[in-house]
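Heads up: the structure comes next, in structure tokens.
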Amino acid sequence: MKKSIILTAGICLAVNLVFSQSEADRLFTEADSLYALEKLPQAETAFYQTILAARRQADWPLCQRAVAEYALVRCDQGDYQGAIDTLQRWILFLGRQSGSHPFLQAKLFLVESYAQTRLGSDQGQLEACEHAIDLYETLDTVHSNVAFAYKNVGQILEMRLNYPKAIAYFEKAIANDPEERYAASVYSFLSDCYYWQEDYATAARYLQNGLQIPCRPDHRAMLYLSATGIYLATNALPKAEEYARLALKTMRENPAEDISEGPVYSSLAEVLHRQGRIQEAS
């Protein structure tokens, strides 16, 4: 009789676990659908419910995925500090769970780096990306997320004028980006690093690599602007004018909040002035 009770209890526990797992998966799917429909408050609630359900069943990979999405939803609503606080709390907790996946844990750091960027904290972004890279290096994996982490660190090092170290990170970003998701912008950053060290030939070579890769219009415009600077520096004025006009054309056809036409007009004016076309330059 006692054995029968134990078996029955075991079966009930197994059945409850199956239902619990199904519930967590269902909640994640529902939350994901709400997010896709841009119903952000509802998606936030659904992802949080997923986190709790996944924690109850000790499904740590699902919990990691839900935490990442929950934080992104909060970012999309402008609550960057709330997203960071949530991520840091769950990163600490999930890092202690033996079933957590390092790749998914690294993604949590990448989401934190995004939130830190939006708050204007370069140091916070740098530290989060470095934590992600530490995890990626234990996996020996090639993925666009790995490239993203290396790219972000490289950008911060470039801003701090540490060009040799920035170049090393940008080269690792290229090596880990087989689908070339970030390659065009990374080649632009590499070009800039060599430009500021006055190695214009290498800068031009990397820039041409970037121009051969399909990319977003705002990235394309920045490549054209970088080309303008290189050809101005080498006094190749017809080429500088060509790329400045391409940058303007791209920006006008594809307006973006985070890029300005001002630097292009300034560069174009300098080109025209050097060519003696004073009236056009003004």
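Numbering follows my numbering, with no gaps: position 120 of the sequence shown is 1602. All C-beta atoms in this analysis are idealised placements derived from N, C-alpha and C, irrespective of residue type, glycine included. As the structure is a computational prediction, the values presented were derived from the model and not from experiment.
Do phenylalanine 1529 and glutamate 1551 come within 9 Å of each other at the CB atom, strictly closer than that value?
Reading the sequence shown from its first residue, position 69 is the one you call residue 1551. Reading the sequence shown from its first residue, position 47 is the one you call residue 1529. Yes; because the gap between Cβ atoms is below 9 Å, this pair is in contact.
Could you check if threonine 1511 is buried or exposed, using at least 16 other CB atoms within 10 Å of its CB as the buried criterion?
Within the sequence shown, numbered from 1, the residue matching residue 1511 stands at position 29. When all chains shown are included, threonine 1511 counts as exposed.
Straight-line CA distance for threonine 1716 to tyrosine 1669?
One-based indexing of the sequence shown puts residue 1716 at position 234. One-based indexing of the sequence shown puts residue 1669 at position 187. Using only the alpha carbons, I get a separation of about 19 Å.
Between which two residues does the alpha helix (DSSP H) containing valine 1746 stretch?
Taking the first residue of the sequence shown as 1, we reach residue 1746 at position 264. The continuous alpha helix (DSSP H) containing valine 1746 extends over residues 1744-1756.
6 Å CB neighbourhood of serine 1667 in its chain, flanking five on each side removed
Position 185 of the sequence shown, counting from 1, holds the residue named residue 1667. Closer than 6 Å at Cβ, skipping near neighbours: His1701.
Check this for me: beta carbons of threonine 1710 and leucine 1754, under 9 Å apart or not?
Position 228 of the sequence shown, counting from 1, holds the residue named residue 1710. Position 272 of the sequence shown, counting from 1, holds the residue named residue 1754. No, the pair does not count as a contact, with Cβ atoms beyond the cut-off.
What do you get for arginine 1578, buried or exposed, if any count of 16 or more other CB atoms within 10 angstroms of its CB means buried?
The count along the sequence shown starts at 1 and reaches residue 1578 at position 96. The residue in question, arginine 1578, is exposed, as its Cβ has fewer than 16 Cβ neighbours within 10 Å.
By Cβ distance below 8 Å, which residues in the same chain neighbour leucine 1719 in space, the five residues on each side in sequence not counted?
Along the sequence shown, one-based indexing puts residue 1719 at 237. Excluding sequence neighbours, leucine 1719 sits near Tyr1713, Val1753, Arg1756 and Gln1757.
Buried or exposed: where does valine 1635 fall if 16 or more other Cβ atoms within 10 Å of its Cβ makes it buried?
Taking the sequence shown and counting its residues from 1, one reaches residue 1635 at position 153. Burial call: buried.
Let's test the definition: count the other Cβ atoms within 10 Å of the Cβ of methionine 1641 and tell me whether it reaches 16, buried, or not, exposed.
If you number the sequence shown from 1, residue 1641 lands on position 159. Exposed.
Alanine 1722 to alanine 1665 span [Cα, whole Å]
Indexing the sequence shown from 1 puts residue 1722 at position 240. Indexing the sequence shown from 1 puts residue 1665 at position 183. When rounded, the distance between both Cα atoms is 23 Å.
With tryptophan 1572 and leucine 1590 assumed to form a contact (beta carbons below 8 Å), what rounded beta-carbon distance in angstroms separates them?
Locating residue 1572 in the sequence shown gives position 90, counting from the first residue. Locating residue 1590 in the sequence shown gives position 108, counting from the first residue. About 7 Å; that satisfies the 8 Å criterion.
Using the Cα positions of alanine 1729 and tyrosine 1562, report the straight-line distance between them to the nearest angstrom.
Position 247 of the sequence shown, counted from the first residue, corresponds to residue 1729. Position 80 of the sequence shown, counted from the first residue, corresponds to residue 1562. Rounded to whole angstroms, alanine 1729 to tyrosine 1562 spans 32 Å at the Cα level.
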